[in-house]
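Those protein sequences? They're chains B and C, same order as listed.
Every letter in the first sequence is one number past the one before it in my numbering, and letter 13, counting from 1, is 13.
Each number in my numbering comes from the position in the second sequence (counting from 1) with 327 added on.
By construction, the Cβ of each residue, glycine as well, lies at the ideal position given by its N, Cα and C atoms.
This structure is a prediction, so every number in the text was calculated from the model and none was measured.
Written below as structure tokens is the structure these notes are about.
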Amino acid sequence: MLVMIIRRLVQSIVVMLTVGLIAFAMFRYVGDPISQMVGQDTPIQVREQMRQELGLNDPVVVQFARFVGNTVRGNFGISFRIGRPVSELIIERLPATLELSLLAALFALVAGIPMGIYTGLRPDSWLSKVFLTISLVGVSLPTFFIGILLILVFGVLLGWLPTFGRGDVVHLGVWTTGLLTASGLKSLIMPAFTLGLFQLTLTMRLVRSEILEVMRTDFIKFARARGLTPRAINFGHALKNTLVPVITITGLQLGGIIAFAIITETVFQWPGMGLLFVQAVQFADIPIMSTYLVLIAFFFVVINLIVDVLYFVVDPRLRAESSPHGH
Amino acid sequence: MQRIREIAHQVFDSDIWYSFTSSKVTMLAAVVTIMFIVSAVLAPLIAPQNPFNPGDLNLMDAFTPPVWYHAGMVHYVLGTDDQGRDIFSTILFGSRISLLVGVGAMLMAMVIGVALGLLSGYAGGALDNFIMRVADVTLSFPALLVAMLIDGVVRGIFPNVTQDQSAIYVLIFSIGVSSWPPFARTVRGSTMVERNKEYVQAARIIGRSPAAIMGQHVLPNVMGPVLVIGTIGLAISILTEASLSFLGVGMPPTTPSLGTLIRIGNDFLFSGEWWIVVFPGAALAILILAVNLLGDWLRDALNPKLR
């Protein structure tokens, strides 16, 4: 177990260094950092002096080491466009994105797993067919179009829900939350639904196909033959064995949710990291782009690590295989 | 003539054709897809108006609602936008761009993915390991994100050329480069199976070069799954392009794709001109749904386990 975690950690660090190298290359070689910082009439001597002071003339390896050092300490440079430290901007925007993403993921799980179980256990009932049709539409409708339709119906026509922003937020130290005010909660409904819908359909289809698969296996037949109640079979035997892929996909999707929040945040003008990133891409604001890349990669790596550890907790077969005395 | 009849006989007598005609949904999806392709190709001929020729536009007709409204006009079936452009015509021209980028990006991903997959599966060893790790890392980031990063970097390197004419190439490139891993993985898997078969050994013994074996002997035998991934990949490419354009980092408003049209229409959502955004959005959704259905069917039809 410990060996596995250490091996995974080393792999994660390699991935992070690779991503860091890409971010560094973007930072250093896309456009000239000096001309982004000074006016056009700055003489060449001054530019050269700045170059020297900022260490842009040092060997590339030294520069990369410094970049990694700065990044680890949370110093991501200064935004070309906004002129403020990127770390400040990110800390301001992070709570909005995380709240939205986690709520969307929760919604996808809480609604998706029961729907998947139902459609898996009763594949021929009419409700299953309704669920499956919804899921096909959910996969094909572009996220932003769902958001626009929701705004049109619930925001413009009915006027029930706010259509942009986070509503009133409460400051808890550096963290801002919209979960504690009525307008904040109301503002969360449509974005979280929009963002979670695609994940919901994925979760549902996955649980369904896993249940269908597992119901055909011998141990379920045997459990039936032993006269266990359907309840014990369905939840004690079948569901338990579908959990491993569900955990993997959900975990991996969480990173995807944070990334796809870019679209939802744009539709609902949600003041999160995604909106910051879109604007950075439009204006080629490299410091924000490379920081976002590093941060998302970090989320992915951490989530992957947690998923791997959860595997061991959920699936005893893996524990048996990895222990040296287990053979 | 005889040859054509033989091919036709082979096609209509095949299992694939049988499974195609036995699913009404699939046939409908095929008809819709073909309609989109034909109308996209013929857009300049069949569109009632050229929405990008300022001489054709009449600002007095701006914000005309669809024809079933009282204020609607017969020659603007789906209404007009803020510049008096006919929505139906902009959809025709927009789906042309969407399909062009989608097909282009999918073909690029397919060429990269199939080539790397063949190489990886046939060569094995360190090269295989390296290619697959790169694929893993690319795959763990959503294609949308990778495409946005590439797009942003290109904008940083060439600040002046990213607009208008070159935007379409930047898009094809960034989507293509970010979506090759599924092709590579599948082709690698099948290649590893094929590599040990007798026909490959025979080809090796008679002295054919590895490139010829991969290209002429292995490739035709691993193409089945590639078609499935290609169809689903087409839907994903169209969707990614639309998302990028909607976010304002894709096609510019002067040569809009369906995504750009939705972005433009989104500005009029609150003033009640819903048709400017809803019709292009519906067109996009129908196109993606149809291609997805075709992909689903193709996967089932080519999967021998399900027959």
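Kindly list, in the order they appear in chain B, the residues whose Cβ is closer than 8 angstroms to that of C/I361. The residue given as residue 361 of chain C occupies position 34 in the second sequence. Going along chain B, no residue has its Cβ under 8 angstroms from C/I361, so there is no contact; the nearest lies around 18 angstroms.
Min CB distance C/D478 to chain B below 9 angstroms: On the second sequence, position 151 is the one that residue 478 of chain C refers to. Yes, its Cβ sits closer than 9 angstroms to a Cβ of chain B.
Does any residue of chain B bring its CB to less than 9 angstroms from the CB of C/I556? Along the second sequence, read from residue 1 onward, the residue named residue 556 of chain C stands at position 229. Interface annotation, C/I556: not in contact with chain B, CB-CB separation never under 9 angstroms.
What whole-angstrom Cβ distance do B/V294 and B/G69 have, given they're in contact under 8 angstroms? For the purposes of this step, residue 294 of chain B is taken as residue 294 along the first sequence, with counting starting at 1. For the purposes of this step, residue 69 of chain B is taken as residue 69 along the first sequence, with counting starting at 1. In fact, because the Cβ distance is near 13 angstroms, the residues do not count as touching under 8 angstroms.
Quick one: residues in its chain with C-beta nearer than 6 angstroms to the C-beta of B/D168, no 5 flanking neighbours on either side, listed in chain order? As a working note, residue 168 of chain B is residue 168 in the first sequence. Counting only Cβ-Cβ distances below 6 angstroms, and skipping sequence neighbours, we find T181, S183, G184.
Looking at the secondary structure, which residues open and close the alpha helix (DSSP H) in which B/T163 lies? Position 163 of the first sequence, counting from 1, holds the residue named residue 163 of chain B. No alpha helix (DSSP H) contains B/T163, which DSSP labels as neither H nor E.
In the structure shown, what three-state DSSP assignment does C/V576 receive? Taking the first residue of the second sequence as position 1, residue 576 of chain C is located at position 249. In this structure, C/V576 counts as coil in the three-state DSSP scheme.
Could you give the uninterrupted runs of the alpha helix (DSSP H) lying entirely in the stretch 104 to 147 of chain B, keeping only those of 4 residues or more? Scanning the stretch 104 to 147 of chain B for uninterrupted alpha helix (DSSP H) segments of 4 residues or longer gives 126 to 140, listed from N- to C-terminal end.
Does any C-beta atom of chain B lie closer than 9 angstroms to the C-beta of C/V430? Looking up residue 430 of chain C in the second sequence gives position 103. No, C/V430 does not count as interfacial toward chain B.
Rounded to whole angstroms, what is the Cα-Cα separation between B/P85 and B/I288? Position 85 of the first sequence, counted from the start, is the residue given in the question as residue 85 of chain B. Position 288 of the first sequence, counted from the start, is the residue given in the question as residue 288 of chain B. Looking at the two C-alpha atoms, the distance is approximately 9 angstroms.
DSSP three-state label for C/W507, please. As a working mapping, residue 507 of chain C is identified with position 180 in the second sequence. Looking at C/W507 - three-state DSSP - the assignment turns out to be coil, as it is neither helix nor strand.
Have a look at C/G479 and B/V281 and give me their C-alpha separation to the nearest angstrom. Numbered from 1 along the second sequence, position 152 holds the residue referred to as residue 479 of chain C. Numbered from 1 along the first sequence, position 281 holds the residue referred to as residue 281 of chain B. Straight-line measurement puts the Cα of B/V281 at about 5 angstroms from the Cα of C/G479.
Below 8 angstroms, how does it come out for the stretch 293 to 310 of chain B and the stretch 2 to 12 of chain B: are there three or more Cβ pairs, yes or no? They touch, by the three-pair rule.
Between C/D507 and chain B, is any beta-carbon pair separated by less than 9 angstroms? Here the question's residue 507 of chain C lines up with position 180 in the second sequence. Checking the sequence shown, residue 507 of chain C turns out to be Trp, not Asp. Taking a beta-carbon distance threshold of 9 angstroms, C/W507 does not count as an interface residue toward chain B.
According to DSSP, is C/D413 part of a helix, a strand, or is it coil? Numbered from its first residue, the second sequence carries residue 413 of chain C at position 86. Per DSSP, reduced to three states, the secondary structure at C/D413 is strand.
Going straight from the alpha carbon of C/L633 to that of C/D627, what length do you get? As a working mapping, residue 633 of chain C is identified with position 306 in the second sequence. As a working mapping, residue 627 of chain C is identified with position 300 in the second sequence. Bear in mind that the predicted position of C/L633 carries a pLDDT of just 47, short of 50, making it unreliable; the figure below should be weighed with that in mind. When rounded, the separation of the alpha-carbon atoms in C/L633 and C/D627 is 7 angstroms.
Verify the CB distance criterion: does C/S570 have a CB-CB separation below 9 angstroms to chain B? Residue mapping note: residue 570 of chain C aligns to position 243 of the second sequence, counting from 1. The Cβ of C/S570 sits closer than 9 angstroms to at least one Cβ of chain B.
Status (buried if at least 16 other CB within 10 Å, exposed otherwise) for B/D124: Mapped onto the first sequence, residue 124 of chain B falls at position 124. Using a 10 angstroms sphere on the CB of B/D124, the tally of other CB atoms stays under 16, which defines it as exposed.
Given a threshold of 16 other Cβ atoms within 10 Å of its Cβ, counted over all protein chains shown, does C/W507 qualify as buried or as exposed? Position 180 of the second sequence, counting from 1, holds the residue named residue 507 of chain C. The residue is buried, with at least 16 neighbouring Cβ atoms inside 10 Å.
So C/F597 contacts chain B; which residues on that side make the cut at Cβ distance below 9 angstroms? Here residue 597 of chain C refers to the residue found at position 270 when the second sequence is read from its first residue. Per Cβ cutoff of 9 angstroms: I151, G155, V156, T163.
Under 8 angstroms, with one C-beta from each stretch per pair, do the stretch 567 to 587 of chain C and the stretch 138 to 157 of chain B reach the 3-pair mark? With the cut-off at 8 angstroms, the stretch 567 to 587 of chain C and the stretch 138 to 157 of chain B touch.
9 angstroms Cβ cutoff, C/R626 in contact with chain B: Here residue 626 of chain C refers to the residue found at position 299 when the second sequence is read from its first residue. It does not; no Cβ of chain B falls within 9 angstroms.
Between the CA atoms of C/G608 and C/S350 - distance to the nearest angstrom: Locating residue 350 of chain C in the second sequence gives position 23, counting from the first residue. Locating residue 608 of chain C in the second sequence gives position 281, counting from the first residue. It is roughly 27 angstroms from the alpha-carbon of C/S350 to the alpha-carbon of C/G608.
Given this structure, state the Cα-to-Cα distance separating C/Q543 from C/I556, to the nearest angstrom. Translated into positions along the second sequence, residue 543 of chain C becomes position 216. Translated into positions along the second sequence, residue 556 of chain C becomes position 229. Spanning the two alpha carbons is a distance of roughly 21 angstroms.
Between which two residues does the alpha helix (DSSP H) harbouring C/H336 extend? As a first step, residue 336 of chain C must be located in the second sequence, where it is residue number 9. Taken as a continuous stretch (DSSP letters only), the alpha helix (DSSP H) holding C/H336 covers 329 to 339.
Specify whether the stretch 509 to 522 of chain C and the stretch 438 to 453 of chain C touch according to this definition: at least 3 beta carbon pairs, one from each stretch, less than 8 angstroms apart. Taking one beta carbon from each stretch, the stretch 509 to 522 of chain C and the stretch 438 to 453 of chain C have 3 or more pairs nearer than 8 angstroms; the two touch.
Find the residues of chain C that neighbour B/V15, judging by a C-beta separation of less than 8 angstroms, and give them in chain order. As a working mapping, residue 15 of chain B is identified with position 15 in the first sequence. In chain order: V464.
When you compare only the Cα positions, how much space is there between B/E210 and B/V244? The residue given as residue 210 of chain B occupies position 210 in the first sequence. The residue given as residue 244 of chain B occupies position 244 in the first sequence. Taking the straight line joining both Cα atoms gives about 10 angstroms.
At what residue ranges does the stretch 532 to 576 of chain C contain a whole run of the beta strand (DSSP E), taking only runs of 3 or more? Within the stretch 532 to 576 of chain C, no complete beta strand (DSSP E) run reaches 3 residues.
Along chain C, in chain order, which residues have C-beta atoms closer than 8 angstroms to that of B/L100? Residue mapping note: residue 100 of chain B aligns to position 100 of the first sequence, counting from 1. Those do not exist, as B/L100 stays about 16 angstroms from chain C at its closest Cβ, beyond 8 angstroms.
Rounded straight-line distance, which links the Cα of C/L596 to that of B/L152: Locating residue 152 of chain B in the first sequence gives position 152, where the first residue counts as 1. Locating residue 596 of chain C in the second sequence gives position 269, where the first residue counts as 1. Here the C-alpha atom of B/L152 lies approximately 7 angstroms from the C-alpha atom of C/L596.
Where B/V10 and C/F457 are concerned, what is the direct C-alpha to C-alpha distance, given to the nearest angstrom? Residue numbering aside, residue 10 of chain B sits at position 10 when the first sequence is read from its first letter. Residue numbering aside, residue 457 of chain C sits at position 130 when the second sequence is read from its first letter. CA-to-CA, the gap between B/V10 and C/F457 works out to about 17 angstroms.
When the Cα atoms are used, what is the spatial distance from C/G483 to B/R81? The residue you call residue 483 of chain C lines up with position 156 of the second sequence. The residue you call residue 81 of chain B lines up with position 81 of the first sequence. Going from the Cα of C/G483 to the Cα of B/R81 covers about 13 angstroms.
Could you give the distance in angstroms between the alpha-carbon of B/I233 and the alpha-carbon of B/I117? In the first sequence, residue 233 of chain B corresponds to position 233, counting from 1. In the first sequence, residue 117 of chain B corresponds to position 117, counting from 1. Annotation: B/I233 to B/I117 spans about 13 angstroms, alpha carbon to alpha carbon.
Simplified DSSP state of B/W175, which is helix, strand or coil: One-based indexing of the first sequence puts residue 175 of chain B at position 175. Judged by DSSP in its simplified three-state form, B/W175 adopts strand.
Inter-residue CB distance, C/A470 and C/R423 (contact presumed, cutoff 8 angstroms): Translated into the one-based positions of the second sequence, residue 470 of chain C becomes position 143. Translated into the one-based positions of the second sequence, residue 423 of chain C becomes position 96. Not a contact, Cβ separation roughly 22 angstroms.
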